[in-house]
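First to last, the protein sequences are chains A and B.
No gaps in the numbering here: position 175 of the first sequence is 175 in the numbering used here, and each next residue is one more.
No gaps in the numbering here: position 475 of the second sequence is 1475 in the numbering used here, and each next residue is one more.
Cβ atoms here follow ideal geometry from the backbone N, Cα and C, with glycine treated the same way.
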Amino acid sequence: MVDPLNVAVIVKLEPDFSEGNVSYNPDGTLNRAETKNILGPHSAIAVTAAFYAKVKHGAKISIGTMGPPTAESMLQHAQLMSDADELYLYSDRAFAGADTLATAEVLKSGILKMQGKMDIVFSGHRASDGETGQTGPQTAWKLGMTFFGHVIDYEVNTESRTIRVKRLVRLQGIYDVIEEIEAPLPVFIAIDPSYKPKFNTVSQRLAYEKYQKEASQRSQNSKQYLKVFNATQIEGDPKLIGITGSPTIVYKVERIPKGKATRQAEVIDGQDREQIRKIVARMNQSLSTMVIK
Amino acid sequence: MEKYDAVVIGGGSAGLAALKHLSSRGKQAILLEAGEKVGSKNISGGILYSKKPKKGRTYNVEDIYENFLEDAPFERKITKYILHATSKDKVFSIDLTAAHNYEANFGCSVLMNKLNQWFVQQADEVAQKHGGGVVSGVHVSSIRWEGERTIVQTDELEEIEVKAIIAADGVNSEIAYMTGARQKFSPNQLYQGVKVIVKLPEDIMDQRFSIGQDEGAAHLFAGDVTLNHIGGGFLYTNRDTLSVGAVYHLDSLLENPSEPHDLVNALLRNPMISEFVKDEVPVRGEIDKNLPKEEQMRVRFAVTKMIKTWTEMRESYYSRSSRERLVKEGTYGSQAEMEAQLSSLRDQMSTKFGIKFETDYVEAEYSAKLVPDGKRCRMEKPYFKNILFVGDAAGGGVFVGPRIEGLNVGIDDAARAAEVVARAIDKNNFSESYLGQSYSQSVEESPYTHDLKSIDKDYLKIFLDAAKDVPKDIISSKYGMVVKMMSSKTLRSFAVGFANILGYEKLLPIIETLDTYVKVPTEIAERFGSSVTATYTPTIPSIAQRVARLKFNDDSKSHIKVLKPTSEFMKKMITLCPTRCYFMEKEGVMIQHEGCVECGTCSEETDWKHPVGEKGISYQYG
């Protein structure tokens, strides 16, 4: 009997930017009080990736987040998506004002507080509000784990305790190269936004359904699975957390200045065949001067 | 290769009943559904009946799901069933509730997406206990036999080996075509149904239709609303929505093509129906274009959010159960507080954001489906090797005058198929002669099959009694002989007996005519109907708006291939496709499959397949 996989996911509570849910202040900044917070879209993908390990290998899943007490409902949602066995909320006023490095410190300590040694830790690609993409790699670095970014697919060999990952990378200016790497566990994976789990057999699909059902039952009593840690309980270095542990200073946030339009736009009535002909003629003219390699 | 005892193909109400029944008998069975989830491709009118025929036993929904009446999310039990003859603003109504209640335990309105999701929960739970279950997003591409082995191939998963197959893949059954078990149904064997879901808060509905909380109304329409086609319209009350639809013989539509959505629009524009569907609708004001771009966006987002909040709050306010729940949960202190908040929100919307409130109707979903006319297309041999066909795939469905039953017939088929497969597993005999013929025999014994072959004179009597107020002179001019014979008991028995000897095949062309569905009702309404006026003109969305509101998972490859781009049939598809997927080009008719709702109207002369797993239409109501 091989040891079951032990998998962790770190997630983030983010504002819901969809129309009908988001509110903005008159100065164009986000109205945080009026906007609901949800599981960030990239975090959701990381949760899906962990669920894949559960369906395929019956992995145990622990989900952790640093956030306010209200993040509990987000953890519940993440549990509904992944049938997580344990939920961790790291919440303390002392964590406030953290940049990515200080957040990574809390998450590292938090992951060490999770039950058992982790084989794989997943994070999202980036957050939709901060957009730095730093927290995952920094947490991996603090944990001293092998880090893989832009992962679009992975397969675990539970016997040899190794993993094969596919990464979407850019090589010498060529986009969308897929790099395949094998490594011994444990590893830290920042999942690519294009990740989609694949289940190829009926039995895997049935397992998927089974765990999803279990997930919906579990998430109804998500409190039972939740552990909350404050700054003392997490036993991180107080100097490295919160505002004191944050070397980043945001000097100013500015709107991206609009570039001046250099093109001359012309409005064409699509109903009028004569006008359409003009466009086609113009296109032909442009194409004739182009060299197509 | 993974092995399973039985596989059910298609997760509609028939397929799910087959899975549940088979699993309840302790057998291992899996169900493969092509839609992204069970229920996402299913459409029904729809009323689901439970019957108690004198002629024999039917398997009813509550026989399959014992807790159906207590727990299932069906909409409303239909307690009023009324047929209206229409001509412009005139309506003449005939109460057919007695006919609706005939041999029925109940008939309830349903929305397939919601209901099938409940069915799948029930079925999956039992199936899992026996090593089976439900797999969605999987499209079966072929079935082959290698000696004793039956191998099912899909577009998504590795092949599986099974012992028996129940094909519940609907009216456009690919399993039937690929095996050659039956031909495609021809237009004269099919109805095309097009439906819209209209939102209407619960309490307002109760009041408008004079029904209690647990009651429902069904209204059928014939006459000028048919735009000269054989068939009619319907309006059913759901919990907090209405189903408004038009169902016509496909050959009648081919003869005199009308755009399907125009047929629904004709209903919505009928003053009686306009009044049935009306509601209070918030309309956005123009945003001041002189404001900075960011401010315009902020206002737009704020308006969207307000309308959403108001609509949700109003829906719960006008539903007794939600109202009580929200007060109990402490979201609101009292119902009065809820009312006050709702009206203050409304004030704010109109004073601060220039939102106007108008009388109109709110359409939520447009859908289309083909319906097999069981009288004309029931499969005589509903099997092929070790495959049994059920429901629409087998061409079941009892449509006799105002009697409209499809779902219950599919469930009856499914239970019979499941019983036979369970027995075959016990005996380990999956030969066509055992499996197929036992099933065929069982279906022959079903009272539904009986009703598809001959007229039930008791039902006819109830129908005629209901219609006794209809002035005889109009009907007599068209059906003088028939009326005379039907009015007297002895003559009626004789006439029905004689008619049954003739059989439906000879009878139908006489009964199902433009006279019956259009001319006679129009004349009745014109001469004897009372006038109804609408207080507003409904703003009917265009077909493009309707399609835009549907949810599709785009497939880059078309699941339909046009075979005869210049045929007369395909030219008619430009008009008859409910979502206008066809258009004319120089070389002939072309398809734009992106808006296809997979109804199958064009199936006759196309290479027609369902999209691969998860792709295509995904209905929210159904």
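{"Item": "C-beta contact flag for ALA1422/B and ARG1057/B at 8 Å", "Value": "no"}
{"Item": "Under 8 Å between C-beta atoms of TYR1383/B and LEU1342/B", "Value": "no"}
{"Item": "Strand pairing of ASP1360/B, partner residues [DSSP]", "Value": "ASP1279/B"}
{"Item": "Beta-carbon neighbours of LYS1308/B, restricted to chain A and to distances below 9 Å", "Value": "GLY20, ASN21"}
{"Item": "Nearest residue (CA-CA) to GLY1107/B, options VAL1061/B, ILE1425/B, ASP1554/B", "Value": "VAL1061/B"}
{"Item": "DSSP state of GLN1437/B mapped onto helix, strand, coil", "Value": "helix"}
{"Item": "Residues that DSSP places opposite ASP153/A in a beta bridge", "Value": "LYS166/A"}
{"Item": "Segments of 3+ residues assigned as beta strand (DSSP E) that fall wholly inside the region 1018 to 1101 of chain B", "Value": "1029 to 1033, 1047 to 1051, 1077 to 1087, 1090 to 1095"}
{"Item": "Identity of the residue in VAL22/A, GLY130/A, THR146/A nearest PRO137/A by Cα", "Value": "THR146/A"}
{"Item": "Sub-8 Å separation of PRO1271/B and THR1533/B beta-carbons", "Value": "yes"}
{"Item": "Contacts of GLY28/A in chain B (Cβ-Cβ under 8 Å)", "Value": "GLU1294, ARG1298"}
{"Item": "C-alpha gap between SER130/A and VAL250/A, whole angstroms", "Value": "Before going further, note that residue 130/A is Gly rather than Ser in the sequence given. Each residue's alpha carbon lies about 11 Å from the other."}
{"Item": "Residue of HIS1229/B, LYS1427/B, ASP1214/B minimising C-alpha distance to LYS1027/B", "Value": "LYS1427/B"}
{"Item": "Listed by chain order, chain A residues near GLU1158/B by CB distance under 9 Å", "Value": "ASN200, THR201, VAL202"}
{"Item": "Chain-ordered neighbours of GLU1148/B on chain A, where CB pairs are closer than 9 Å", "Value": "Per Cβ cutoff of 9 Å: no residues; GLU1148/B is ~20 Å from chain A at best."}
{"Item": "For GLY1410/B, the first and last residue of its enclosing alpha helix (DSSP H)", "Value": "1407 to 1427"}
{"Item": "Interface positions of the region 1009 to 1036 of chain B facing chain A (Cβ-Cβ less than 9 Å), listed along the chain", "Value": "ILE1030, LEU1032"}
{"Item": "Spatial distance of VAL267/A from HIS150/A (CA atoms)", "Value": "41 Å"}
{"Item": "Opening and closing residue of the beta strand (DSSP E) in which CYS1577/B lies", "Value": "Unbroken run through CYS1577/B: none, as it is neither H nor E."}
{"Item": "Beta-carbon spacing of PRO1282/B, MET1349/B below 8 Å", "Value": "yes"}
{"Item": "Contacts of ARG277/A in chain B (Cβ-Cβ under 8 Å)", "Value": "The contacting residues do not exist; ARG277/A stays about 16 Å from chain B at best."}
{"Item": "Which residues DSSP lists as bridging CYS1108/B, in chain order", "Value": "LEU1048/B, LYS1077/B"}
{"Item": "Local Cβ density within 10 Å of GLY67/A, reported as buried at 16 or more and exposed below that", "Value": "buried"}
{"Item": "Element boundaries [alpha helix (DSSP H), containing THR1449/B]", "Value": "1447 to 1453"}
{"Item": "Where MET1590/B sits in the DSSP three-state scheme", "Value": "strand"}
{"Item": "Whether LEU87/A touches GLN79/A by CB criterion (8 Å)", "Value": "yes"}
{"Item": "Coarse secondary structure for VAL1470/B, derived from DSSP in three states", "Value": "coil"}
{"Item": "4-residue-minimum alpha helix (DSSP H) runs that sit fully inside the region 1181 to 1264 of chain B, ordered along the chain", "Value": "1202 to 1208, 1250 to 1255"}
{"Item": "Where LYS1305/B meets chain A, residues with beta-carbon distance less than 9 Å", "Value": "GLU19, GLY20, ASN21, VAL22, SER23, GLU34"}
{"Item": "The region 1191 to 1208 of chain B / the region 1229 to 1245 of chain B touching (three or more Cβ pairs under 8 Å)", "Value": "yes"}
{"Item": "Partners in chain A for ALA1072/B, counting only beta-carbon separations shorter than 9 Å", "Value": "Going along chain A, no residue has its Cβ under 9 Å from ALA1072/B, so there is no contact; the nearest lies around 18 Å."}
{"Item": "Residue span of the beta strand (DSSP E) that contains PHE122/A, given as start and end", "Value": "120 to 123"}
{"Item": "Bounding residues of the alpha helix (DSSP H) (the contiguous stretch that carries SER160/A)", "Value": "It is not in any alpha helix (DSSP H) - SER160/A carries neither H nor E in the DSSP assignment."}
{"Item": "Residue interval of the alpha helix (DSSP H) (run including GLU105/A)", "Value": "100 to 113"}
{"Item": "Opening and closing residue of the alpha helix (DSSP H) in which ALA231/A lies", "Value": "231 to 234"}
{"Item": "Under 8 Å by beta carbon: chain A residues contacting ALA1544/B", "Value": "Under the 8 Å cutoff, chain A gives no residues; its nearest Cβ is about 14 Å from ALA1544/B."}
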